[in-house]
């Protein structure tokens, strides 16, 4: 039975974002969860920040990445 309060709605992904699935070591996930709880962030905020930092460092070393548009 559907939730009458409207809280049982399917999640929608914002148009500018893409859902991804990946595997990480369990102990690393626990650390991310600790940081997200302590800093009151979503886990995905931490993943995005880490990936942005990695890409920035890569581009400093190798030059700007030219992405293809679909």
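In the numbering used here, the protein residues as written are 54 to 123. A virtual CB, placed ideally from N, CA and C, is assigned to each residue, including glycine. Remember, it's a predicted structure, so these values are computed and weren't measured experimentally.
{"Item": "State the Cα-Cα distance for the pair residue 5 and residue 89, rounded to the nearest angstrom.", "Value": "A query on residue 5 cannot be resolved here, the shown segment of the chain reaching from 54 to 123 and no further."}
{"Item": "If you draw a straight line from the C-alpha of residue 85 to the C-alpha of residue 75, how long is it?", "Value": "14 Å"}
{"Item": "Measuring straight from C-alpha to C-alpha, what distance separates residue 100 and residue 77?", "Value": "11 Å"}
{"Item": "Excluding the 5 residues preceding and the 5 following residue 14 in the sequence, name in chain order all residues of the same chain whose CB lies nearer than 7 Å to its CB.", "Value": "Residue coverage of the chain in this structure runs from 54 to 123, which leaves residue 14 outside it and unanswerable."}
{"Item": "Which residues bound the alpha helix (DSSP H) around residue 110?", "Value": "96-115"}
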